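Peer 1: Below is a structure I'd like to ask you about.
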Amino acid sequence: MKIERLVKMANDIGNFFNSETDKEIAAEGIKNHILRSWDPRMRKAIIAYCQEDGSELSGLVKAAITKLAA
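Numbering (numbering that gives the first Met the number 0), first residue to last: 0 to 69.
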């Protein structure tokens, strides 16, 4: 799967959780959704993208991916 598609998917998930006023809870929700729904190759690719560039990811998604990588 192309990284552009993963970025769009991650940002779409982030948009859903963005209505949460507590951004820590929102980032945790994004992280958990990606853990449950994405296969390991997809997770590895989005983590690598976030660590190398991440410029197309929203701030909330970057926070979630950082949690995911830890």
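Just so you know, even glycine gets a beta-carbon here, dropped at the ideal spot from N, CA and C.
No experiment lies behind these values; they were computed from the predicted model shown.
Within 10 Å of its beta-carbon, does glycine 58 have 16 or more other beta-carbons around it, so buried, or fewer, so exposed?
Peer 2: As a first step, residue 58 must be located in the sequence shown, where it is residue number 59. By the 10 Å Cβ count, glycine 58 comes out exposed.
Peer 1: Quick check on the burial criterion: 16 or more other C-beta atoms within 10 angstroms. Buried or exposed for leucine 56?
Peer 2: The sequence position of residue 56 within the sequence shown is 57, counting from 1. Classification of leucine 56: buried, given that the 10 Å Cβ count is 16 or more.
Peer 1: Using the rule of at least 16 other Cβ atoms within 10 Å of the residue's Cβ for burial, across every protein chain shown, is lysine 30 buried or exposed?
Peer 2: Numbered from 1 along the sequence shown, position 31 holds the residue referred to as residue 30. Its Cβ being crowded by 16 or more others within 10 Å, lysine 30 is buried.
Peer 1: When DSSP labels each residue in this structure, what does threonine 65 get in the three-state scheme?
Peer 2: Stepping through the sequence shown from its first residue, residue 65 is reached at position 66. Helix at threonine 65.
Peer 1: Which residues bound the alpha helix (DSSP H) around asparagine 31?
Peer 2: Translated into the one-based positions of the sequence shown, residue 31 becomes position 32. From DSSP, the alpha helix (DSSP H) with asparagine 31 extends over 22–36.
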